[in-house]
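Enquirer:
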Amino acid sequence: MKSLGRVIMVGAVAVCLAGCRQGQVPSEEQRQQPKQAESPVDQTKTFDGARQPAVAGLFYPKDKVELAKDIDRYLAEAKPEPIKNLRGLVCPHAGYRFSGPTAAFGYKLLEGHGIRTVIVMAPSHYASFEGASIPDVPAYRTPFGDVPLSPEAAKLAKSGPFVVNPPCEVSRPGWWRQAPKDLPPFGEDTPHSWEHSLEVQLPLLQRTLRSFSLVPIVFGKVDPEAVAEALMKYLDEKTLLVASSDLSHHHPYDMATHLDSSCIQAICNLDVKWMKNEEACGKGPILALMHVAKKKGWKTRLLDYRNSGDVTGDKSSVVGYAAIAFFEPAGTAAAEKPKPQQDAYTGKQRKFLIELARKTITNVAADGRLPEVDPAKIDAKLKETRACFVTLTKGGRLRGCIGSIFPRTARYQSVSNNAQSAAARDPRFPAVEPDELDKIKIEISVLTLPVRLEFKTPDELLAKLRPNVDGVVLRIGRRQSTYLPQVWKQLPEKESFLDRLTMKAGLPQTAWRNPDTMILVYQGEAFEEESGGGPFSPDDHVGRVAAWTRRLNGERFFLVRGFA
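Following my numbering, the numbering of the sequence shown begins with 231 at its first residue and continues without gaps.
Below, the structure is given as C-alpha cells:
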C-alpha cells in the first residue's frame with residue numbers, strides 16, 4: 231500500500247541541461263518521431279507494475295535505437311585503463327549530453343567482469359523522508375526493456391535503515407508534465423517516482439552488462455555507514471556497487487575545478503571525514519561506498535573528470551562530473567604509504583612532455599590555440615590522471631608558473647593546459663610574446679596523488695614530515711595553501727616550513743597546531759627543457775606556489791596557482 235505524501239507543486243519548468251536536476255526537454259518534432267522496430271539490445275521479460283521511466287526523452291533519448299547509438303559513441307570514446315576485480319563505481323547522473331562521456335569511463339570497465347547484480351545508490355532530489363528507500367516494484371523500465379529487481383532487494387527492505395514507500399514530502403520537478411510515464415495521483419508519489427539520479431544509470435548498465443538484476447536504493451535522511459554495514463553481507467565478486475552523484479553545482483569554472491579536485495581527492499583517499507565537508511549531490515551514496523571500501527580493503531582510481539563548461543564552453547556556472555573506480559587489489563602487499571616517484575619517467579616520455587609544453591606556448595603566443603594531439607599516439611602512462619606545474623623562466627627569472635595540486639586530466643593534457651595558462655594567464659605577468667619564445671626555459675613538475683597524513687598532535691606531524699621529499703597541502707576550514715617539495719631547500723626547518731605555509735593561507739603562523747588542521751602530502755618529479763630531466767632543481771622555488779584567495783559571488787575560495 232502506497233503511503234500518502236504531501237506534494238509541493240513546482241510552477242515553472244526551468245530546464246538546465248547540465249544540472250543534476252534537469253535534462254533536455256524534447257521538441258514536439260522529437261516527441262512525434264516513429265519508434266524503430268528493432269531493439270538494439272536483448273529484451274528482458276516485461277513485468278506488470280514495473281517502475282516506468284520518468285526522464286526518457288528528457289535526460290536521455292526515448293527512442294531505443296538513438297539511445298543505443300549515443301551510449302555506444304560514449305563507450306567508444308572512453309579509453310580507461312583496464313582494472314581487475316572491479317567492485318564499485320562513482321558515476322554522474324546529469325543529462326547524457328553532459329555527463330554521459332564521463333559515466334562511460336566507468337561502465338566501459340564492466341566488460342568481462344561477470345557482474346550479475348548491481349546495487350545503485352542514488353540521492354533524493356525531490357522527496358524528503360527518513361531512511362533509504364527500496365521501491366515496491368518488480369522491475370525498473372527503460373527504453374531497452376525491464377531490469378528485474380534482485381531477490382536481495384526484498385531481503386534488504388525488511389530491515390533498517392531501509393524502508394519501502396516511506397511517508398515523504400515530494401516536490402515534483404519542473405518537467406513532471408513532460409515525463410513519459412503514467413502520472414501518479416497527487417499524494418501517491420514515492421521517493422522513486424521522479425528520481426532521475428538512479429534511472430539514468432540503467433541504460434548504461436543495460437548496454438554494457440545486457441543481463442543483470444537490480445537493487446535500487448534512494449537515500450533520504452540516513453546514516454551512510456549504517457547503509458554500508460547492512461550491504462556488506464550481500465557483496466561478492468559478481469555484485470557491483472554504484473554511487474550516483476554529480477559534484478559541485480553552479481560555480482564559475484575555476485572555482486568548480488578547485489572544489490571538485492578536493493572532493494575527488496577525498497574520495498580517492500577514502501577519507502570519510504574530509505568527504506563530509508565536500509560538495510556533491512550524492513554525498514550520502516558516495517560515503518556509503520567509501521565505508522564499504524574501507525571495510526573491504528578496496529582501492530580507488532580516478533577514471534575521468536570534466537564539467538559542463540568543458541562541454542558547452544560556458545564557464546560562468548558549471549556542474550562537475552567524475553567517474554571513479556573501486557577495486558579489490560590483487561594482493562595484500564600494496565604499500566599503504568606514498569612513495570616518491572623520482573626519475574619515474576623515461577627520457578622519451580620527458581622529451582614528449584617538454585616538446586608538448588614548447589609547442590603549446592609557441593601556439594599560444596601566435597594565436598592562443600592549443601596544439602592538436604592524437605590520443606591514440608600517446609604513451610599509456612601519460613594518459614593517467616595526474617597533476618602538474620609548468621614553470622617558465624626567462625634569464626633565470628620567473629616568467630610564469632601555473633599548475634594544480636589535485637589531478638583533473640591526463641598527464642599530457644595537464645602539461646598542455648598549464649603551459650597555456652603559464653604563458654597567457656598568470657595574473658602577475660603579461661602574456662608571452664612571440665619574440666621572447668627563444669629566451670624562455672620550461673620546467674615541468676609532475677606530481678603524485680596527494681594523500682592525507684594522519685597525526686594526533688603537532689609533534690607527531692613534525693615527526694612524519696619528510697623534508698626534500700614531500701610537498702605539503704595545508705587545509706584549515708576553507709583555507710588552503712601548498713608548497714612544492716622544492717621549497718624545503720629554502721625552508722629546511724619543519725616548524726618554519728609550516729609557519730610560512732600557514733601564513734600563506736592567510737592565517738596566524740601557528741594555526742597549523744590547531745586540532746582541525748588537515749595535512750596532505752605528495753611527491754613529484756621535475757625535469758627541465760635543457761637538462762632533459764632529473765631530481766628537483768635546488769634553485770630558489772620558495773615563492774613559486776601560493777594559495778590565491780579570491781572573492782567571487784560572496785564566497786571565499788582558494789585556487790592553487792603559481793606565485794613568485
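For each residue, glycine too, the CB sits at the ideal point set by N, CA and C. These numbers were taken from a predicted model, which means no experiment stands behind them.
1) DSSP three-state call for Ser329: helix, strand or coil?
2) Out of Val502, Gly527, Glu509 and Asn507, which has the shortest C-alpha to C-alpha gap to Ala518?
3) Is Val394 helix, strand or coil by DSSP?
4) On the three-pair Cβ rule with 8 angstroms, is the stretch 396-411 touching the stretch 349-357?
5) Can you tell which of Lys694, Gln436, Ala654 and Leu465 has its C-alpha closest to the C-alpha of Glu558?
6) Whole beta strand (DSSP E) runs in the stretch 539-617 with 3 or more residues, listed along the chain?
7) Might you give, ordered along the chain, the residues of its own chain that have their beta carbon closer than 6 angstroms to the beta carbon of Gly344, omitting 5 neighbours on each side?
8) Taking just the CA atoms, how far does Ser443 sit from Ala564?
9) Are the Cβ atoms of Ser475 and Ile516 separated by less than 8 angstroms?
10) Under three-state DSSP, which class holds Gly762?
11) According to DSSP, which residues form a beta bridge with His798?
12) Could you tell me whether the Cβ atoms of Tyr370 and Arg281 are closer together than 8 angstroms?
13) I need the straight-line Cα distance from Arg599 to Thr590, nearest angstrom please.
14) Hey, quick one: how far does the beta strand (DSSP E) through Tyr290 stretch, first residue to last?
15) Met748 bridges to which residues according to DSSP?
16) Around the Cβ of Pro312, are there at least 16 other Cβ atoms within 10 angstroms (buried) or fewer (exposed)?
17) I'd like to check one pair, His481 with Val548: are the Cβ atoms closer than 8 angstroms?
18) Whose C-beta lies closer than 6 angstroms to the C-beta of Thr576 among residues of the same chain, with five residues either side of it excluded?
19) Please return the same chain residues whose Cβ sits closer than 6 angstroms to the Cβ of Asp272, not counting the five positions on each side in sequence.
20) If you reduce the DSSP assignment to three classes, tell me which class Leu683 lands in.
21) Just to confirm my understanding: we take Ala654, look at its own chain, exclude 5 residues before and 5 after, and list those with CB closer than 6 angstroms. What are they?
22) Rounded to whole angstroms, what's the CA-CA distance from Met485 to Ile497? Just pull it up for me.
23) Around the Cβ of Arg407, are there at least 16 other Cβ atoms within 10 angstroms (buried) or fewer (exposed)?
24) Return the first residue and the last residue of the alpha helix (DSSP H) that Tyr642 is part of.
25) At the level of alpha carbons, what is the spacing between Leu628 and Leu714?
26) What residues in its chain sit with their C-beta under 6 angstroms from that of Ile608, if we drop five residues either side in the sequence?
27) Does the distance from the C-beta atom of Pro310 to that of Leu340 stay below 8 angstroms?
28) Got a sec? Which residues, its chain only, sit under 6 angstroms from Met733 by beta carbon, not counting five neighbours each side?
29) Applying the 10 Å Cβ sphere with the 16-neighbour rule, what's the burial state of Ala606?
30) If you follow the alpha helix (DSSP H) that Glu455 is in, where does it begin and where does it stop?
31) If you compare alpha carbons, which of Ala352, Gln753, Leu471 and Lys275 is closest to Asp376?
32) With the cut-off set at 8 angstroms, would you say Thr615 and Ala587 are in Cβ contact?
33) From the DSSP output, which residues share a beta bridge with Val620?
34) Gln710: which of Ile749, Thr420 and Phe685 sits nearest, CA to CA?
35) Apart from the five residues on each side of it in sequence, which residues of its chain come closer than 8 angstroms, Cβ to Cβ, to Leu305?
36) Do you know offhand how far Leu532's Cα is from Leu435's?
Expert: By the coordinates alone:
1) helix
2) Val502
3) coil
4) yes
5) Leu465
6) 548-557
7) Lys468
8) Interpretation of Ala564 is limited by its pLDDT of 39, a score under 50 that renders its predicted location unreliable; no figure is taken from the coordinates.
9) yes
10) Note that Gly762 scores 37 on pLDDT, short of 50, meaning its location in the model is unreliable and no value can be drawn from it.
11) No answer is possible for residue 798: the residues shown for the chain start at 231 and end at 794.
12) yes
13) 8 angstroms
14) Here Tyr290 belongs to no beta strand (DSSP E), and DSSP marks it neither H nor E.
15) Arg705
16) exposed
17) yes
18) none
19) Confidence is the limiting factor: at Asp272 the pLDDT is only 39, short of 50, which leaves the residue's position unreliable, though a coordinate-based value still follows. Arg440.
20) coil
21) Val594 and Ala661
22) 19 angstroms
23) exposed
24) Arg641 to Ala654
25) 16 angstroms
26) Tyr642
27) no
28) Gln739
29) exposed
30) Pro454 to Leu461
31) Lys275
32) no
33) Ile632 and Ile674
34) Ile749
35) Ala334, Tyr337, Lys338, Arg437 and Thr438
36) 19 angstroms
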